[in-house]
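K.L.:
Structure below; questions to follow.
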Amino acid sequence: MRIIRLKIIKRIGDAGMQTLHEYMMETKATEYILAVIFLATFIVFWRFVRVERK
Amino acid sequence: MANHAEAISLKQWVRRELFFGQSFGVYLKSLITPFNIVAAVILCVGLPIAFIRFTQGLEATTNLSNDAPWGLWIGFDVLCGVALAAGGFVLASAVHLFGLKDYRPLVRPAILTGFLGYFFVVVGLCFDLGRPWRLPYPMLVSYGVTSVMFLVGWHVALYLTVQFLEFCPAVFEWLHWNKLRKWVAWITIGATVFGVILSTLHQSALGALFLLAPGKVHPLWYSPYIPVLFFTSAVAAGMSMVIFESMLSHRIFKSRTGDHDPAQLDRVLLGLGKGASIVLLTYFGLKWIALAHGQHWNLLLTKYGLWWLVEVFGFVLLPCLLYARAVRIQSVTLVRVASVVTVLGICLNRLNVSLITFRWDQSNRYFPHWMEIAVTITIVTVGLLTFRWIVNRMPVLSDHADYQIEDH
Numbered sequence: 128m129r130i131i132r133l134k135i136i137k138r139i140g141d142a143g144m145q146t147l148h149e150y151m152m153e154t155k156a157t158e159y160i161l162a163v164i165f166l167a168t169f170i171v172f173w174r175f176v177r178v179e180r181k
Numbered sequence: 212m213a214n215h216a217e218a219i220s221l222k223q224w225v226r227r228e229l230f231f232g233q234s235f236g237v238y239l240k241s242l243i244t245p246f247n248i249v250a251a252v253i254l255c256v257g258l259p260i261a262f263i264r265f266t267q268g269l270e271a272t273t274n275l276s277n278d279a280p281w282g283l284w285i286g287f288d289v290l291c292g293v294a295l296a297a298g299g300f301v302l303a304s305a306v307h308l309f310g311l312k313d314y315r316p317l318v319r320p321a322i323l324t325g326f327l328g329y330f331f332v333v334v335g336l337c338f339d340l341g342r343p344w345r346l347p348y349p350m351l352v353s354y355g356v357t358s359v360m361f362l363v364g365w366h367v368a369l370y371l372t373v374q375f376l377e378f379c380p381a382v383f384e385w386l387h388w389n390k391l392r393k394w395v396a397w398i399t400i401g402a403t404v405f406g407v408i409l410s411t412l413h414q415s416a417l418g419a420l421f422l423l424a425p426g427k428v429h430p431l432w433y434s435p436y437i438p439v440l441f442f443t444s445a446v447a448a449g450m451s452m453v454i455f456e457s458m459l460s461h462r463i464f465k466s467r468t469g470d471h472d473p474a475q476l477d478r479v480l481l482g483l484g485k486g487a488s489i490v491l492l493t494y495f496g497l498k499w500i501a502l503a504h505g506q507h508w509n510l511l512l513t514k515y516g517l518w519w520l521v522e523v524f525g526f527v528l529l530p531c532l533l534y535a536r537a538v539r540i541q542s543v544t545l546v547r548v549a550s551v552v553t554v555l556g557i558c559l560n561r562l563n564v565s566l567i568t569f570r571w572d573q574s575n576r577y578f579p580h581w582m583e584i585a586v587t588i589t590i591v592t593v594g595l596l597t598f599r600w601i602v603n604r605m606p607v608l609s610d611h612a613d614y615q616i617e618d619h
């Protein structure tokens, strides 16, 4: 975790970005986070609708 | 009409197959029903307007202008029509390619809905474009290989042909043309594969049309992902339209549904509902990812942003959850309710992209002329009349007694 955090901080600094918000805007991290949330929701939803027929 | 028709004269065949065994006079009298009277009034208004449009041009019948060149005929007749006609390829691929034979009773109605949907899309397009005799130009005279319009034109023409071929077995069974029926049944799988390819390209190409207008479509609805969004939503719309149409057909054409097991039909509709819920959830996720891609979070609290939220939550997530709930409690009624909300939602999305939020930054906005609305209602009415005429005569909702079903 520490290495990842350092890498992010280094990248923010290299790109001249000041905040995490700017970093997320620049790297489009929100899209990836949403995609992961969507995948998790999809798996839960899939299990929810997979009911045996009466 | 091979050996079967040889036994009866043409006059007898016409009387039996076209007039339900009645004389022409009795048949004409039987046409006087409340629905037909309303349809006749609509046609009496719509047909003269069609004449005015083709003789005096767009200015006499529409509010279209250089600033708003696409109106109701493109927004509703073409975009909504194509999306709602997607049930044909979804059901055909499910049955003929993936072997889900339980869904077979819904294939012909779905293909007929798809074929008529596309046919009347072309009719609506002719109203918008004018000069219908120039329709074959992109195929024969003037190629425009770098244009999305060229792609859309070819797709519609080819897919319309494919859907006609897919529906031909029903026509040939009705006419008792056995050899031709065997031939088209033989090419069904090939036609289905070709149809799936064309539909995938065509549904997304309609979305791709709006990639050409990045500043004109509101940023919340515009996205580089719009072809994917159009395709995904069309699959949900197609499945929902099949559910909705089967609900109406099995009430209106009860005598034509044959000996279908109602429990079997309910199982099939629940299965379709399950599929539609999963597709709608995917569409919901893609809408948010597209929003994140455009980084337009700040627009969500504007007037258009709230409208976007109404569309996404009220007409995508809500029917998705309704479908899921219906599958959990095995409620066919809830599946039907969800199908109506989905159909409305996809129509709303297409109208949002092409009309409601198109040129959102302009003060002088387009609103359809009453004649445009009248023409649209006329086209829908003629579509319904054609659907009814075919279903009442051909083996669409049930199998023809003389033919084995499993040979294609």
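The listed protein sequences derive, respectively, from chains A and B. Note that our numbering has the first sequence beginning at 128, numbered continuously upward. Note that our numbering has the second sequence beginning at 212, numbered continuously upward. By construction, the Cβ of each residue, glycine as well, lies at the ideal position given by its N, Cα and C atoms. Here the structure is a predicted model, which means the values were calculated and not measured.
Check the Cβ-Cβ distances between A162/A and every residue of chain B, and say whether any is below 8 Å.
P.N.:
What you label residue 162/A is simply residue 35 of the first sequence in a count that begins at 1. Yes, A162/A counts as interfacial toward chain B.
K.L.:
Going straight from the alpha carbon of R315/B to that of V490/B, what length do you get?
P.N.:
The residue given as residue 315/B occupies position 104 in the second sequence. The residue given as residue 490/B occupies position 279 in the second sequence. In a straight line, the C-alpha of R315/B is about 21 Å away from that of V490/B.
K.L.:
Nearest CA to the CA of G292/B: which residue from V301/B, T324/B, F309/B?
P.N.:
Within the second sequence, the letter at position 81 stands for residue 292/B. Of the candidates V301/B, T324/B, F309/B, the one whose C-alpha sits nearest the C-alpha of G292/B is T324/B.
K.L.:
Give me the chain A residues within the contact set of G496/B, using Cβ-Cβ distance strictly less than 9 Å, ordered along the chain.
P.N.:
Mapped onto the second sequence, residue 496/B falls at position 285. Within chain A, the residues near G496/B are L161, A162, I164, F165, L166, T168, F169.
K.L.:
Can you tell which of A321/B, L229/B, G268/B has its C-alpha closest to the C-alpha of L483/B?
P.N.:
What you label residue 483/B is simply residue 272 of the second sequence in a count that begins at 1. For L483/B, the nearest C-alpha among the options comes from A321/B.
K.L.:
Which of helix, strand or coil does DSSP assign to V352/B?
P.N.:
To locate residue 352/B, count along the second sequence from 1; it is residue 141. Here V352/B sits in coil by DSSP.
K.L.:
With DSSP run on the structure shown, which of helix, strand or coil describes W508/B?
P.N.:
Counted from its first residue, the second sequence places residue 508/B at position 297. Note: W508/B maps to helix in three-state DSSP.
K.L.:
So the candidates are L480/B, W508/B, W518/B, V538/B; which of them puts its Cα closest to the Cα of V318/B?
P.N.:
Indexing the second sequence from 1 puts residue 318/B at position 107. When each option's Cα is compared against that of V318/B, the closest is L480/B.
K.L.:
Considering only the beta carbon of each residue, do I557/B and A419/B sit closer than 8 Å?
P.N.:
Locating residue 557/B in the second sequence gives position 346, where the first residue counts as 1. Locating residue 419/B in the second sequence gives position 208, where the first residue counts as 1. Contact flag unset, no.
K.L.:
Note down, in chain order, all residues in the segment 497-523 of chain B with a beta-carbon under 7 Å from any beta-carbon belonging to chain A.
P.N.:
Residues passing the 7 Å Cβ filter: W499, I500, A503, H504, Q506.
K.L.:
Which residues in the same chain have their Cβ closer than 7 Å to the Cβ of D618/B, if we skip the five residues on either side of it in sequence?
P.N.:
Position 407 of the second sequence holds residue 618/B. Residue placement at D618/B is flagged as unreliable, the pLDDT there being 47, under the threshold of 50; the coordinate-derived value follows with that caveat. So the qualifying residues of the chain are A396.
K.L.:
Of all the CB atoms in chain B, is at least one closer than 8 Å to the CB of E158/A?
P.N.:
Residue mapping note: residue 158/A aligns to position 31 of the first sequence, counting from 1. Yes, E158/A counts as interfacial toward chain B.
K.L.:
Quick one: give me the first and last residue of the alpha helix (DSSP H) that F182/B is part of.
P.N.:
Summary: the structure shown does not reach residue 182/B, with chain B confined to residues 212 through 619, and so no result is reported for it.
K.L.:
Give every residue of the same chain whose Cβ lies closer than 8 Å to the Cβ of M212/B, excluding the five residues on either side of it in the sequence, and list them in chain order.
P.N.:
Here residue 212/B corresponds to residue number 1 of the second sequence, with the count starting at 1. Reliability of the predicted coordinates at M212/B is poor, the pLDDT of 49 falling under 50, and the value obtained from them is presented with this limitation in mind. So the qualifying residues of the chain are W224, L386, H387, W388.
K.L.:
For chain A, check one thing: does any of its Cβ atoms lie closer than 8 Å to the Cβ of K240/B?
P.N.:
Locating residue 240/B in the second sequence gives position 29, counting from the first residue. No, its Cβ sits nowhere closer than 8 Å to a Cβ of chain A.
K.L.:
I'd like to know if V538/B contacts chain A, where contact means its C-beta is closer than 8 Å to some C-beta of that chain.
P.N.:
Position 327 of the second sequence, counted from the first residue, corresponds to residue 538/B. By this cut-off, V538/B is an interface position.
K.L.:
How would you write the range of the alpha helix (DSSP H) that F172/A sits in, first residue to last?
P.N.:
Taking the first residue of the first sequence as position 1, residue 172/A is located at position 45. First-last of the alpha helix (DSSP H) with F172/A: 156-176.
K.L.:
With distance defined between alpha-carbon atoms, name the residue in K393/B, Y577/B, G496/B nearest to L566/B.
P.N.:
The residue you call residue 566/B lines up with position 355 of the second sequence. Among K393/B, Y577/B, G496/B, the Cα nearest to that of L566/B is on Y577/B.
K.L.:
Could you check which residue in Y494/B, L476/B, I260/B, P473/B has the C-alpha nearest to that of L440/B?
P.N.:
Residue numbering aside, residue 440/B sits at position 229 when the second sequence is read from its first letter. Comparing Cα-Cα distances from L440/B to each of Y494/B, L476/B, I260/B, P473/B, the minimum goes to Y494/B.
K.L.:
Skipping 5 residues on each side, what residues in its chain have a beta carbon closer than 8 Å to that of V363/B?
P.N.:
By 1-based counting over the second sequence, the position of residue 363/B is 152. Contacts found: H413, A416, L417, L420.
K.L.:
Express the C-alpha separation of F235/B and F442/B in angstroms, rounding to a whole number.
P.N.:
For the purposes of this step, residue 442/B is identified with residue 231 of the second sequence, where counting begins at 1. For the purposes of this step, residue 235/B is identified with residue 24 of the second sequence, where counting begins at 1. Cα to Cα, F442/B sits roughly 46 Å from F235/B.
K.L.:
Between R462/B and the rest of its own chain, which residues show a CB-CB distance below 8 Å, the 5 nearest in sequence each way excluded?
P.N.:
Residue 462/B sits at position 251 when you count from the first residue of the second sequence. Within the same chain, R462/B has no close Cβ partners at all.
K.L.:
Which of the three DSSP states is assigned to M605/B in this structure?
P.N.:
The residue given as residue 605/B occupies position 394 in the second sequence. Note: M605/B maps to coil in three-state DSSP.
K.L.:
Helix or strand or just coil, what does DSSP make of R561/B?
P.N.:
On the second sequence, residue 561/B is found 350 positions in, with the first residue counted as 1. Residue state, collapsed to three classes: helix.
K.L.:
Per DSSP, what kind of secondary structure is D339/B in: helix, strand or coil?
P.N.:
Within the second sequence, numbered from 1, the residue matching residue 339/B stands at position 128. Helix, per DSSP.
K.L.:
Does the CB of S542/B have a neighbour CB from chain A at under 8 Å?
P.N.:
Counting from 1 along the second sequence, the entry for residue 542/B is found at position 331. So, not an interface residue.
K.L.:
In terms of residues, what are the limits of the alpha helix (DSSP H) holding W284/B?
P.N.:
Mapped onto the second sequence, residue 284/B falls at position 73. Per DSSP, W284/B belongs to no alpha helix (DSSP H) and is neither H nor E.
K.L.:
What did DSSP end up calling A419/B once you bin it into helix, strand or coil?
P.N.:
The count along the second sequence starts at 1 and reaches residue 419/B at position 208. A419/B falls in the helix class under three-state DSSP.
K.L.:
Using 8 Å as the cut-off, can you tell me whether the segment 574-591 of chain B makes contact with the segment 266-276 of chain B, which would need three or more C-beta pairs spanning the two stretches below that distance?
P.N.:
Yes, they touch.
K.L.:
Leaving out five residues before and five after A250/B in sequence, what residues of the same chain have Cβ atoms less than 8 Å from its Cβ?
P.N.:
For the purposes of this step, residue 250/B is taken as the residue at position 39 of the second sequence. Cβ neighbours of A250/B beyond the five flanking positions: T592, L595, L596.
K.L.:
For K393/B, which option in E377/B, G406/B, V407/B, V404/B has the closest C-alpha, if you only look at C-alpha atoms?
P.N.:
Taking the first residue of the second sequence as position 1, residue 393/B is located at position 182. Out of E377/B, G406/B, V407/B, V404/B, E377/B has the C-alpha closest to the C-alpha of K393/B.
K.L.:
Tell me which residues of the segment 577-602 of chain B have at least one Cβ-Cβ distance to chain A shorter than 8 Å, keeping chain order.
P.N.:
For the segment 577-602 of chain B, which is checked against every Cβ of chain A, not one residue is closer than 8 Å.
K.L.:
Please classify F231/B: does DSSP put it in a helix, a strand, or coil?
P.N.:
What you label residue 231/B is simply residue 20 of the second sequence in a count that begins at 1. F231/B: coil per DSSP, three-state reduction.
K.L.:
Under 8 Å by Cβ, that's how I've got I590/B and V334/B pegged, so tell me the actual separation to the nearest angstrom.
P.N.:
As a working mapping, residue 590/B is identified with position 379 in the second sequence. As a working mapping, residue 334/B is identified with position 123 in the second sequence. So it is a contact: roughly 6 Å between Cβ atoms.
K.L.:
Within its chain, find whatever has a CB closer than 7 Å to the CB of W571/B; leave out the 5 residues flanking it on each side and keep chain order.
P.N.:
As a position in the second sequence, residue 571/B is number 360, starting the count at 1. Result list for W571/B: H429, Y515, in chain order.
K.L.:
Please indicate yes or no: does the CB of G401/B lie closer than 7 Å to some heavy atom of the ligand SAH?
P.N.:
For the ligand SAH, the structure offers nothing, since it holds no ligand at all.
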